[in-house]
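Take the sequence shown: its letters are residues -16 to 249, numbered as in the working numbering. Glycine included, each C-beta is placed from N, C-alpha and C at the ideal position. Written out below as structure tokens is the structure these notes cover.
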Amino acid sequence: MNGNVAIDVRGLHKSFGETEVLRSVDLTVYSGEVVVIMGPSGSGKTTLIRCMNLLDEPDAGSVTVHGRTLSYPARGSGRSRRRLIRDIRVRTAMVFQHLNLFPHMTVLQNVIEGPISVRRLPRPYAVEMGERLLAHVGLGDKRDEYPARLSGGQRQRVAIARALAMEPEVILLDEPTSALDPELGAEVLQTMRSLAACGMTMVVITHEIPFAREVADRVAFMDAGYILEEQRPSVFFGAPATARARSFLHLMTEDDDPRPGLEQTG
Ligand SMILES: Nc1ncnc2c1ncn2[C@@H]1O[C@H](COP(=O)(O)OP(=O)(O)O)[C@@H](O)[C@H]1O
Ligand SMILES: [Mg+2]
-16 MNGNVAIDVR GLHKSFGETE VLRSVDLTVY SGEVVVIMGP SGSGKTTLIR
34 CMNLLDEPDA GSVTVHGRTL SYPARGSGRS RRRLIRDIRV RTAMVFQHLN
84 LFPHMTVLQN VIEGPISVRR LPRPYAVEMG ERLLAHVGLG DKRDEYPARL
134 SGGQRQRVAI ARALAMEPEV ILLDEPTSAL DPELGAEVLQ TMRSLAACGM
184 TMVVITHEIP FAREVADRVA FMDAGYILEE QRPSVFFGAP ATARARSFLH
234 LMTEDDDPRP GLEQTG
């Protein structure tokens, strides 16, 4: 972590109709950090990261990405604001929980579509980058396949390569392994480990505790629209500060074999 702020959200509020989903959320992510977001279903995790790239726009608060700040409620001229929104979206790439490749495009076409149409990169340059990224996620030999012929884990790795192809400031991943069988999830986790090792800034919603323990710099625990605590993983999994996090972790682990790592605090 080098102290540069990659993404900062302050006082985010978001409601859908009567439902208040985010109630004053602050979160700062530094360049090179991996922040894992955990919390019960419906606590606002997905909404938070969708607000981070303005796929959902908050009702109040501010979103700063790479020094560019957008505040809500909206003020200012439509034009410069739209440019700012576009800029923030391009710098924050999302990987969704449910696989979302274009089915009618090959793997390589999926990866280079954004760079060509949004970033306006010359095609040969985009192809070269796409091939490099596919090799990086271990799918160099699948470039001409269609998504339907890949496993779920392979498709999710293509989605990660596609996000990286935008050369974002930060990559936001929403439960990237939860729709996958464990073995296929494991290859996606391995890809995320290697990205973290390369210094990629990541915000990951995941319930994969061993992954979070190993890779996260911080765990942010959400409940009912708030971040209740932000801790280093050794602290969060060893001795969470809030009763809510303790009961959440208890529920998360009670079905499994005892996890020897869980009691350690180191
Ligand atoms: N587009 C939407 N319209 C209406 N309600 C929504 C929408 N998106 C999310 N919600 C509601 O917001 C709450 C939080 O959702 P979400 O951010 O998806 O939580 P999580 O990812 O933690 O499960 C849920 O009650 C959900 O039903
Ligand atoms: Mg969610």
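Quick check: the Cα distance between residue i and residue j, rounded to an integer number of angstroms?
{"i": "Met185", "j": "Gly121", "result": "20 Å"}
{"i": "Arg218", "j": "Arg201", "result": "As written in the sequence, residue 218 is Val, which differs from the Arg given in the question. The straight-line gap from Cα to Cα measures roughly 9 Å."}
{"i": "Ile68", "j": "Glu237", "result": "43 Å"}
{"i": "Leu(-5)", "j": "Ala203", "result": "15 Å"}
{"i": "Val153", "j": "Glu1", "result": "31 Å"}
{"i": "Ser230", "j": "Phe220", "result": "12 Å"}
{"i": "Arg58", "j": "Arg33", "result": "21 Å"}
{"i": "Gly208", "j": "Met88", "result": "38 Å"}
{"i": "Ala109", "j": "His233", "result": "46 Å"}
{"i": "Gln139", "j": "Arg(-7)", "result": "30 Å"}
{"i": "Ser(-2)", "j": "Glu158", "result": "22 Å"}
{"i": "Val4", "j": "Gly(-14)", "result": "30 Å"}
{"i": "Pro86", "j": "Gly123", "result": "19 Å"}
{"i": "Phe194", "j": "Pro165", "result": "13 Å"}
{"i": "Arg115", "j": "Ile99", "result": "16 Å"}
{"i": "Gly113", "j": "Pro107", "result": "10 Å"}
{"i": "Ala179", "j": "Arg6", "result": "30 Å"}
{"i": "Val(-12)", "j": "Leu10", "result": "11 Å"}
{"i": "Arg62", "j": "Leu167", "result": "44 Å"}
{"i": "Leu104", "j": "Cys181", "result": "23 Å"}
{"i": "Pro41", "j": "Ala228", "result": "26 Å"}
{"i": "Ala169", "j": "Leu37", "result": "29 Å"}
Report back the beta-carbon spacing between residue i and residue j to the nearest angstrom; my notes put them in contact at under 8 Å.
{"i": "Arg51", "j": "Asp39", "result": "Wrong, their Cβ atoms sit about 18 Å apart, outside the cutoff."}
{"i": "Ala226", "j": "Glu212", "result": "So it is not a contact: roughly 11 Å between Cβ atoms."}
{"i": "Thr47", "j": "Ile(-10)", "result": "7 Å"}
{"i": "Val17", "j": "Val198", "result": "5 Å"}
{"i": "Glu111", "j": "Thr160", "result": "Going by Cβ atoms, the distance from Glu111 to Thr160 rounds to 29 Å, so no, they are not a contact pair."}
Check whether the Cβ atoms of residue i and residue j sit closer than 9 Å, and answer yes or no.
{"i": "Lys28", "j": "Met205", "result": "yes"}
{"i": "Val8", "j": "Ile210", "result": "yes"}
{"i": "Met35", "j": "Leu156", "result": "no"}
{"i": "Ser54", "j": "Ser60", "result": "no"}
{"i": "Val94", "j": "Ala144", "result": "yes"}
{"i": "His119", "j": "Leu147", "result": "yes"}
{"i": "Thr174", "j": "Ile20", "result": "no"}
{"i": "Gly25", "j": "Met183", "result": "no"}
Residues in its own chain within less than 8 Å of residue i by CB, not counting five upstream and five downstream?
{"i": "Lys125", "result": "Val90, Leu117, Leu133, Gln137 and Val141"}
{"i": "Val73", "result": "Val101, Arg102, Met149 and Pro151"}
{"i": "Glu246", "result": "With a pLDDT of 44 at Glu246, under the threshold of 50, the modelled position of this residue cannot be trusted, and the question is left open."}
{"i": "Arg196", "result": "Pro216, Ser217, Phe220 and Gly244"}
{"i": "Gly97", "result": "Arg145, Ala148 and Met149"}
{"i": "Arg64", "result": "Leu53 and Ala57"}
{"i": "Gln214", "result": "Arg201, Val202, Phe204, Pro223 and Ala224"}
{"i": "Arg176", "result": "Phe194, Glu197 and Val198"}
Can you list, in chain order, the residues of its chain whose CB lies under 6 Å from that of residue i, leaving out five sequence neighbours each side?
{"i": "Leu163", "result": "Gly135 and Gly136"}
{"i": "Glu128", "result": "Val90"}
{"i": "His49", "result": "Arg74 and Glu152"}
{"i": "Val187", "result": "Val19 and Leu156"}
Is residue i close to chain D? Criterion is C-beta to C-beta, closer than 9 Å.
{"i": "Ser(-2)", "result": "Any reference to chain D falls outside this structure, which holds one protein chain only."}
By Cβ distance, which residues of its chain are closer than 7 Å to residue i, with the 5 residues on each side in sequence left out?
{"i": "Gln92", "result": "none"}
{"i": "Phe79", "result": "Asp157"}
{"i": "Ala43", "result": "Gly(-6), His(-4), Tyr55 and Pro56"}
{"i": "His81", "result": "Ala162"}
{"i": "Pro23", "result": "Asp206 and Phe231"}
In chain order, each alpha helix (DSSP H) run of at least 4 residues that lies wholly inside the region -5 to 50: 28 to 35
Any chance you could list the beta strand (DSSP E) runs of at least 3 consecutive residues sitting entirely within the region 48 to 117, in chain order? 51 to 55 and 75 to 78
Give, in chain order, every unbroken run of the beta strand (DSSP E) that is at least 3 residues long and sits entirely within the region 112 to 169. 153 to 157
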